[in-house]
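Worksheet for the structure shown next.
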Amino acid sequence: MQDDVHRYNRERWEALVEADALFTRPMLGLDADAARAYLGLERLGLPGDLAGRKVLCLAGGGGQQSAAFALLGADVTVLDISPGQLARDRSAAEHHGVAIRTVQGDMRDLSVLGDASFDLVWHPYSLTFVPDSRIVFREVAKVVATGGHYYLMCANPFFAGLTHESWNGEGYTLRQPYADEVMTSYPDQEWVYDRTPPGRAVPAPREYTQTLGRIVAALTGEGFVLRFLSEVRGDRRDAEPGSWEHFMTVAPPWLELVWQHHPAVPGN
C-alpha cells in the first residue's frame, strides 16, 4: 500500500531514525527481569509465559518491544514501515543474541504475513497515523489466533490533537470536531529528539482522529472482546499549568486496551 499516507509516514520515521529520536533507540541493557517489567504483562492481564509464543510487534520497530519479547522466549516478528527502525530491531537482536524476524510493511496490509496465527499482537502508539482504523483492525483479525490477544495503545479520542501548548491560561482548549479521520498536525514534543544540529528537518507528525465509538464497534465487529482498559495519565496536580506534566494530569493523552479474539463460528 503505497499511498500518500504511507509515503509520508515512511519519510517521517526515517527522519526520526536519523535524528535518533526517543522511540527509535534500541534497548540494549535488558535482561529477562527488566524485559518483563518493561512490558508490564501482569498489569495488563496478559499471559506471562511467553516461551514459544508467537508475537507480532505491529508498527513497533526500533528494537525495544521486540527485544523484550524475544528475551522472554517469544517467537517475535516485527512489521514496520521504516527500514531504519527495522535495522534497529536487528541490531538489538544481535546484541542480545536472540532471533527477531523483521518485515517491512504497512499496518493496513498484513497479507505479507500469510496465514500466521499470532498469540499476541502488540500495537504501540501508531494507530492515529492512518485515517481509517477499521482497515487495521480487519487485518489484525486475520493474523491473530482464536483466543489470542491484541494490545493496543492509542490516542485518547477525547483529547486527540491537544498538547500542553493548547493551554490558554485557564484550560486546554479543544478546537477540532470530534469526528473520524480529521487530520491534525503539531510539533513534536521537545523530548522526542535533539534539535541542536543546524539544518535538521523532521516532518511534523500527521495524525488522524479516531472516535471511541468507531474503535469499539470495529473491534467487536471483528470478534474481539475487551479484557482491559487503562487511561495513561499523570498525577502532578501541583505541576505548572501549560507544562507536559500538568497537561497529562488534566487530559490523559493515551489509552491502553487489551482485546481477546473470539470470532463467531459460522452457522451460529
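Note that full-length UniProt numbering numbers the sequence shown so that position 61 is 61, with each residue one more than the last.
C-beta: ideal position from N, C-alpha, C; glycine also.
Review point. Who are the near neighbours of PRO203 in its chain, counting only those whose CB is closer than 8 Å to its CB and skipping five residues on each side?
Key: Result list for PRO203: TYR8, GLU11, ARG12, ALA15, in chain order.
Review point. In this structure, what does DSSP give as the bridge partners for LYS54?
Key: Looking at the DSSP output, LYS54 sits in a beta bridge with ASP75.
**Study point:** Exposed unless 16 or more other CB atoms sit within 10 angstroms - verdict on GLN210
**Key:** Classification of GLN210: buried, given that the 10 Å Cβ count is 16 or more.
**Study point:** Any 3 or more C-beta pairs closer than 8 Å across the region 211 to 224 and the region 123 to 138
**Key:** Counting Cβ pairs under 8 Å, three or more are found: they touch.
Review point. I think ALA68 touches LEU39, with their Cβ atoms under 8 Å apart; what is that distance to the nearest whole Å?
Key: So it is a contact: roughly 5 Å between Cβ atoms.
Point to revise | TYR150 versus LEU120: straight-line alpha-carbon distance, rounded | key: The C-alpha of LEU120 is placed about 6 Å away from the C-alpha of TYR150.
Point to revise | Coil, strand or helix - GLY213 by DSSP | key: Helix at GLY213.
**Study point:** Inter-residue Cα distance where the pair is LEU110 and ARG237
**Key:** The C-alpha of ARG237 is placed about 43 Å away from the C-alpha of LEU110.
Review point. Quick one: what does DSSP say GLN2 is sitting in, helix, strand or coil?
Key: Correct three-state label for GLN2: coil.
Review point. Looking only at C-alpha atoms, which of GLY84, HIS123, ALA99, VAL5 sits nearest to ALA51?
Key: Looking from the CA of ALA51, the closest CA among GLY84, HIS123, ALA99, VAL5 belongs to ALA99.
Check your understanding: Does DSSP put LEU162 in a helix, a strand or coil?
Key -> In the structure shown, LEU162 falls within a coil segment according to DSSP collapsed to helix, strand and coil.
Check your understanding: In terms of residue numbering, what span does the alpha helix (DSSP H) encompassing SER91 cover?
Key -> Here the alpha helix (DSSP H) through SER91 covers 83 to 96.
Exercise for review: Would you identify the three-state DSSP class for THR173, choosing helix, strand or coil?
Suggested key: THR173 falls in the coil class under three-state DSSP.
Check your understanding: What are the boundary residues of the alpha helix (DSSP H) that THR249 is part of?
Key -> Membership of THR249 in the alpha helix (DSSP H) is indicated by the continuous run 244 to 250.
Review point. Given GLY84, which residues of its chain have a CB within under 6 Å of its CB, disregarding the five upstream and five downstream residues?
Key: Closer than 6 Å at Cβ, skipping near neighbours: GLU14, VAL17.
Exercise for review: Can you tell me the Cβ-Cβ gap for THR146 and HIS261, rounded? I've got them flagged as a contact below 8 Å.
Suggested key: Indeed, because the Cβ distance is near 6 Å, the residues count as touching under 8 Å.
Exercise for review: Use the C-beta contact count for VAL107: other C-beta atoms within 10 angstroms, 16 or more gives buried, fewer gives exposed.
Suggested key: Reading off the sequence shown, one finds Met at residue 107, where the question assumed Val. A residue is called buried once 16 or more other Cβ atoms fall within 10 Å of its Cβ, and MET107 is buried on that count.
Exercise for review: Name the residue from THR24, ALA251, ALA34 whose alpha carbon lies nearest to the alpha carbon of VAL60.
Suggested key: It is Gly, not Val, that sits at residue 60 in the sequence shown. Of the candidates THR24, ALA251, ALA34, the one whose C-alpha sits nearest the C-alpha of GLY60 is THR24.
Review point. Rounded to a whole number of angstroms, what is the C-alpha to C-alpha distance between SER117 and GLU165?
Key: Rounded to whole angstroms, SER117 and GLU165 show a C-alpha spacing of 42 Å.
Check your understanding: If you compare alpha carbons, which of THR102, ALA19, CYS154 is closest to TYR208?
Key -> With distances taken between Cα atoms, TYR208 lies closest to CYS154.
Check your understanding: If GLY234 and THR249 are in contact, beta carbons under 8 Å, what's the gap, nearest whole angstrom?
Key -> Between GLY234 and THR249, the beta carbon gap of about 4 Å places them in contact (Cβ cut-off 8 Å).
Point to revise | CA-to-CA distance, GLY62 to PRO197, given in whole angstroms | key: Their backbone Cα atoms lie some 22 Å apart in a straight line.
Check your understanding: If you draw a straight line from the C-alpha of ARG138 to the C-alpha of GLY223, how long is it?
Key -> Here the alpha carbons of GLY223 and ARG138 stand approximately 10 Å from one another.
Point to revise | Classification of ALA37 by the beta-carbon crowding that lies within 10 angstroms, buried from 16 upward | key: Exposed, because fewer than 16 other Cβ atoms sit within 10 Å of the Cβ of ALA37.
Point to revise | Segments of 3+ residues assigned as beta strand (DSSP E) that fall wholly inside the region 2 to 47 | key: Unbroken beta strand (DSSP E) runs of no fewer than 3 residues, entirely contained in the region 2 to 47, are not found.
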